[in-house]
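Residue numbers (the working numbering), protein chains in the order written: chain B, 1 to 856; chain W, 857 to 1092. Following: one structure in structure tokens, then a few remarks.
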């Protein structure tokens, strides 16, 4: 091999190559841009979060619990305080809040704050500087969203629990907040003693208790975990360090970022297919020249290296452009993903990401160019003498096998590197292979079918346009693949999202209950029923809630079971440890189905009923999955600890529960009569179809029963829809990269077949075709191409969604035609515009000039 | 007269400088005659052909084709005129690769909306050039000679009054070239078409009724050929 000559040849031919296939290389650019932007963005997030770790927690560490801290923990806190730590308490309850001036009611988070919380970061209030040394007693500070939700202004009064409080300030920025949290549940901030006075924290209320610590140094933070770990775990109090919380937060974003990275990688590999396709055409075009080179003595490898160097140089140029675009997109991502980010993200140039993007871009360009380039070795020198000599069909030699293996290995390797977990990467690579194969096959089959069944009575220019899809070197398959892949990604995301939203509406709309009341004390029951609009009381479902824990199974203590890791039938530790909210009731609920055993009436009727535990213990009906996790079946006994007393029960039936339905459902339903006297609260589920009815009902609740919390599910639905929208936007944004990459492949394909198009257009003109007829030919071609590509992508998207919905989300799939139609319109429209733009010279040049050129 | 060329001049921009290929050329061609245009490379043969057929516009002068002044027509009107009255045969065949032999022959007829009568005529022409069994083949599946025969059938499909041929045998071996020329002559005679053929091949040129030799953009020689003109009828 003559390397010097190869390099000189590459430099000389490079200009020509850049003109012919340079545009193709920009398909690499888009993929590189996606990767660089996502990688840099991930770095930005991780850096910003770690830098803000203490501010994000507002402290160095935190104790948290779902119950008031027991004395043992209080003692720890006292000793820490004596040792110089600063302590602040935050308690968060959920409660209905009423604004008397507007009459509006909302379920809000009500937070009591004491001490100097937050120790780090500045709280911004309006009017400024109100947070200062904390919140003064008997006033409320609110998140800005509260003002608009309750339609009030600063200075108005809100009713929280039993107190009327003036709203003195809004909390515009609390450094510990995550953007999406405040969007879903805006808060009212009170001084701790005000929260306590409001009477929201009664037995059974859902509240979260936190103690924030400012500790002198790192050693002190670790010492807490070491010294008090046992006490904390025994009392179910969590101890979290600020760094760990930050790590968790950035892990979440990193995970999302890695998924987005996979979408970006998809765009890059698509670009790879574009490159392979371009090189294939370029090589075919250069064959006569290559034959001459071979004639005058250049060996196979010299020629091969000359063209490989060209491909690499073009790949480098494409990747460089991609890096530049990527740095721009990096600044857009924080805006697109604002809702999902824990902190303000400042973009910074990440050299590692830039270099990685550059390297991956060049590598993908070279590895995809390799296989078509190998065909250069087969160009016979004889072709210089006789153009009609066809090269021998490429055979499978060792080098070709290695090239294919390198390609497959690179794709799999990149997927694994990019994915959050290797298994996901392998899965993604497999899915990519399947979808590319399916796209190519569907494109091929659809094209064949179109050709075969396209109506013969269609006007000639239309038929000519459609048959142009089969023009040699037209790369219909690769364009279909590239454009179709974009449509596939966007189509799948849209279908899945539309189905999820449907399911939400099914769960919360129709005749389903939409208001959930909890923390209802038994003596408040009648009064609340009386608050319901007349005629709707019948739809009210009421279930008692008995907080219980498992103390023993079949007589063996829960502690023993938990610690005995050698036991074969050892229940899942979490199932033993958790707090159960059991109920008792006469009938099976509407979302329940008995799968084993007997319900109470059959059980006690005596006729042939099994005699569980001699019939002396009260029965309990378990949900099927929890029974499995507890390793119990019919006839086993479970002893419950309920408010300091023990109650033994025997499993008499197993139920399957549809948890997706908004009904009061429970893991364990106890036989009526067994726990009626135990302390319990009630939950109530009602359906109030009208927004005004819900508002009036909630107002009544706040005024008379301030301890009761009511959840309006239409709000939850809105919030979940908002989150779904955000995710769809993020994935859709990167999906658009694939569509764009597809367009670039199309532009490249147009450039590659330009000479032939020009020649055909000129020929048609020569034969007497008018401008309008030629435009019709072009329009038909791109309309057919766009439709073919989009249809291919959308058919797969539809199939994909139809498989994903029931298997992953457990939701019946319904087709949403309108978004599919919209995608078809947009992508096909783009294809037509790009195609016509790329062919406009065909219309303007005199036919003779073109035919002369072609003859030369 | 079927073709009147009056003071034709054509100047191209070549490498940034003007290059005049034809210098005020005058030429009259009678109906149903067979004229061969010969000359060395660069003498302006193909340029002349392009101008006569209205595929390009002269820098100066005009062309009257079958009584129609081409300079008075827009490009679209010229295309319509060609579709109705002109046929072409090219050196490099120029078949549409995405269409079968039959479909290629149909194109000129379909462009003018005469699809109904088209199929029979196209089939007949392909049979006439001996390709009855290759109608559904695509150009890549045909040999050079076969492709040129399809091009011949296409050229005659719209019953043109004038046929332009640009080196029709230039890419063919001697025997095939001879066959094609014979077919061209026969079809021309049967259809009573005026035939203008550009060629390098002096032997082929001698078969024409008249030989026009170009040199450096002007007519260097204009003499009768060995071909026998078919009966000349009075012009309308």
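Glycine included, C-beta positions come from ideal geometry on N, C-alpha and C.
Return the first residue and the last residue of the alpha helix (DSSP H) that residue i is part of.
i              : result
residue 148/B  : 144 to 150
residue 790/B  : 771 to 804
residue 1032/W : 1030 to 1047
residue 837/B  : 817 to 838
residue 625/B  : 624 to 630
residue 640/B  : Looking at the DSSP string, residue 640/B is not in any alpha helix (DSSP H); the run it does join, the beta strand (DSSP E), is 637 to 642.
residue 915/W  : Residue 915/W -> no alpha helix (DSSP H), and no H or E assigned at all.
Per DSSP, which one or two residues make a beta bridge with residue i?
i              : result
residue 118/B  : Answer is none; residue 118/B lacks a bridge partner.
residue 188/B  : 110/B, 142/B
residue 517/B  : 684/B, 710/B
residue 547/B  : 581/B
residue 890/W  : 1051/W
residue 875/W  : 868/W
residue 239/B  : 63/B
residue 1071/W : 1074/W
residue 941/B  : With chain B covering only 1 through 856, there is no way to say anything about residue 941/B.
residue 924/W  : 921/W
residue 655/B  : 594/B, 623/B
residue 213/B  : 61/B, 87/B
residue 99/B   : 104/B
Classify residue i as buried or exposed, calling it buried when 16 or more other Cβ atoms lie within 10 Å of its own Cβ.
i             : result
residue 807/B : exposed
residue 837/B : exposed
residue 17/B  : buried
residue 248/B : exposed
residue 12/B  : exposed
residue 251/B : exposed
residue 441/B : exposed
residue 365/B : buried
residue 186/B : buried
residue 699/B : buried
residue 871/W : exposed
residue 352/B : exposed
residue 916/W : exposed
residue 704/B : exposed
residue 874/W : exposed
Got a sec, what are the start and stop residues for the beta strand (DSSP E) residue i sits in?
i              : result
residue 1053/W : 1050 to 1054
residue 964/W  : Where residue 964/W is concerned, there is no enclosing beta strand (DSSP E), although the alpha helix (DSSP H) it sits in stretches over 957 to 967.
residue 167/B  : 163 to 173
residue 229/B  : Here residue 229/B belongs to no beta strand (DSSP E); instead the alpha helix (DSSP H) covers 218 to 234.
residue 125/B  : 124 to 126
residue 865/B  : This structure leaves residue 865/B out entirely; chain B is present only between 1 and 856.
What does residue i reach in chain C if we use C-beta pairs closer than 7 Å?
i             : result
residue 865/W : Here chain C cannot be found, since the structure's protein chains are B and W.
Compare the C-alpha of residue i against each of the options and name the closest.
i             : options                    : result
residue 576/B : 729/B, 588/B, 583/B, 563/B : 563/B
residue 627/B : 612/B, 588/B, 669/B        : 669/B
residue 119/B : 110/B, 85/B, 130/B         : 85/B
residue 435/B : 457/B, 408/B, 266/B, 809/B : 266/B
residue 358/B : 466/B, 139/B, 31/B, 573/B  : 31/B
residue 690/B : 329/B, 777/B, 712/B        : 712/B
Using a C-beta to C-beta distance shorter than 8 Å, which residues of chain W count as neighbours of residue i?
i             : result
residue 769/B : 935, 939, 967
residue 861/B : Any answer about residue 861/B is impossible in this case: the structure gives chain B only from 1 up to 856.
Using a C-beta to C-beta distance shorter than 7 Å, which residues of chain B count as neighbours of residue i?
i              : result
residue 1024/W : Simply none; closest approach about 12 Å.
residue 964/W  : 767, 768
residue 906/W  : 848
Taking C-beta pairs closer than 7 Å, name the residues in chain W that residue i reaches, listed in chain order.
i             : result
residue 760/B : 952
residue 470/B : 954
Can you list the residues of chain W that residue i reaches, using a CB-CB cut of under 9 Å?
i             : result
residue 467/B : 952, 954, 955, 959
Could you name the residues of chain B that residue i contacts, counting a contact when the two beta carbons are closer than 9 Å?
i             : result
residue 911/W : 762, 765, 766, 846, 847, 848, 849, 851
For residue i, is the beta carbon positioned less than 7 Å from some heavy atom of the ligand NAD?
i             : result
residue 352/B : Among the ligands in the structure shown, none appear at all, so the ligand NAD cannot be discussed.
Can you list the residues of chain B that residue i reaches, using a CB-CB cut of under 8 Å?
i             : result
residue 944/W : 766, 767
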